[in-house]
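Take a look at the structure set out below.
Residue numbers (UniProt numbering): 1 to 431.
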């Protein structure tokens, strides 16, 4: 009987492995099917439509990148496997795009509105930096493919061969496009800087277990911050609830006035642009920066004069057929979320006030979650974080998270009143 059980166990184990392999092969095939297709470049019509986009078109942002990605990271590929020693911005010449030129092709599956958003983002890079997105030429094998592959993700910096920038359904919002393109240019997230503990508190116990590697510190041995201070306003800064497993903050700024700033950028910050232009040694743009009080019109006029054509003239509406194949899926997620420890689907912007709250995370055993020291899984030691007390909230009448509007009804509930006083002093009227 014992041998029968053993044989059954072996059978089920082999069956499980077979199903897993089949699932992986299906996903590889789906990825290839989305990439191995006729590809296009942006054309003159797209850039004309980009000029017609309204402020609402450009500033709409209703769901976080991690929620769109089902809580998988938006940096993927081999470089993402270096969990702890990642950098804020790459510096190795091999990771930079030669001459700041990024050859690209886009999927034919974008609507005219989505193409206009892509064109607007490209136009911003051309006007404010020396980065140039140029249509891929026929036969060119090293280029950026922009398509609806699997959520929102990119590799960081340049890789060889075909590099994927996935902007799937749900990712086609201007801030998200700018964010992901900045990864392509060569930058990691702002909260991963080595000096981040001087500017933000990481609340480890609120982070989903499968996303701990998204909060590692960057390595200064191979790069610098290009002379720039920590930037709360960066388009690459996540919000306070990023990768939360319980709806409570995973990071909080030490500068309390920045509580509603992090993660809410709608465009490049000034620091973002400075870092890009220093990374690629954009001399003309840096010269403008140091000129005394240049007017906005002068900056734009000069930038346009520097820009090369951003579409083929006359532009070619015929697709370029792909000339490559994949033998494996280089973008298979490195970490699978535990099925028993899935984070709730928290919407992180106030533009959706009618979204129901998934679960009530405000239980008494969470009240001390941001006041105690936390174990840093990357250093293996205890890190003492600045205590956030009721007295602090009274002295500084601010909200420390961006979703106080959502939890306002809980302000005076007995078991969470202390925590609400700490996080949402202004909204709850505690000051």
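Quick reminder that beta carbons are idealized off the backbone N, C-alpha and C, glycines included.
Whose C-alpha, out of the options, is nearest the C-alpha of residue i?
i           : options               : result
residue 176 : 121, 136 and 425      : 121
residue 99  : 429, 426, 280 and 425 : 280
residue 235 : 418, 110, 178 and 165 : 178
residue 45  : 197, 256, 145 and 112 : 112
residue 142 : 168, 172, 126 and 95  : 95
residue 126 : 264, 138, 273 and 430 : 273
residue 260 : 424, 420 and 196      : 424
residue 147 : 164, 131 and 136      : 164
residue 57  : 43, 269, 116 and 108  : 116
residue 106 : 420, 47 and 167       : 167
residue 184 : 196, 162, 241 and 47  : 162
residue 123 : 42, 228, 429 and 59   : 42
residue 251 : 47, 418, 431 and 198  : 198
residue 193 : 213, 219 and 212      : 219
residue 47  : 118, 55 and 140       : 118
residue 239 : 227, 258 and 228      : 258
residue 131 : 138, 110 and 278      : 278
residue 190 : 211, 49, 212 and 228  : 228
residue 434 : 145, 271 and 210      : Because the chain spans 1 through 431 in this model, residue 434 falls outside it and cannot be assessed.
In three-state DSSP terms, what is residue i?
i           : result
residue 399 : strand
residue 122 : helix
residue 98  : helix
residue 167 : strand
residue 58  : helix
residue 431 : coil
residue 241 : coil
residue 442 : Because the chain in this structure spans residues 1 to 431, residue 442 falls outside the shown range and cannot be described.
residue 195 : coil
residue 112 : helix
residue 280 : coil
residue 161 : coil
residue 317 : Annotation note: pLDDT 41 at residue 317 (below 50); position unreliable, coordinate value reported separately. Three-state result, residue 317: coil.
residue 134 : strand
residue 104 : strand
residue 356 : Confidence at residue 356 is low in this model, with a pLDDT of 30, below 50, so its placement is unreliable and no value can be given for it.
residue 175 : helix
residue 252 : strand
residue 263 : coil
residue 45  : helix
residue 423 : helix
residue 257 : helix
residue 372 : For residue 372, the predicted structure reports a pLDDT of 35, less than 50, and the residue's modelled location is therefore unreliable. A value from the coordinates is still provided. Correct three-state label for residue 372: coil.
residue 117 : helix
residue 271 : helix
residue 231 : coil
residue 156 : coil
residue 148 : coil
residue 416 : coil
residue 188 : coil
residue 213 : helix
residue 203 : coil
residue 285 : helix
What is the C-beta distance between residue i and residue j, in whole angstroms, given that I count them as a contact (C-beta under 8 Å)?
i           : j           : result
residue 244 : residue 208 : 7 Å
residue 202 : residue 215 : 5 Å
residue 440 : residue 156 : Shown here, the chain extends from 1 to 431; a query on residue 440 therefore has no answer.
residue 204 : residue 158 : Between residue 158 and residue 204 the Cβ distance is about 33 Å, and since that is not below 8 Å, they are no contact.
residue 196 : residue 230 : 7 Å
residue 411 : residue 428 : 4 Å
residue 241 : residue 249 : 6 Å
Please say whether residue j and residue i have beta carbons closer to each other than 8 Å?
i           : j           : result
residue 102 : residue 133 : yes
residue 233 : residue 269 : yes
residue 283 : residue 400 : no
residue 206 : residue 169 : no
residue 108 : residue 40  : yes
residue 237 : residue 262 : yes
residue 188 : residue 136 : no
residue 181 : residue 114 : no
residue 285 : residue 422 : no
residue 51  : residue 266 : no
Check the Cβ-Cβ distances between residue i and every residue of chain D, and say whether any is below 8 Å.
i           : result
residue 408 : Absent from the structure is chain D; it holds one protein chain and no more.
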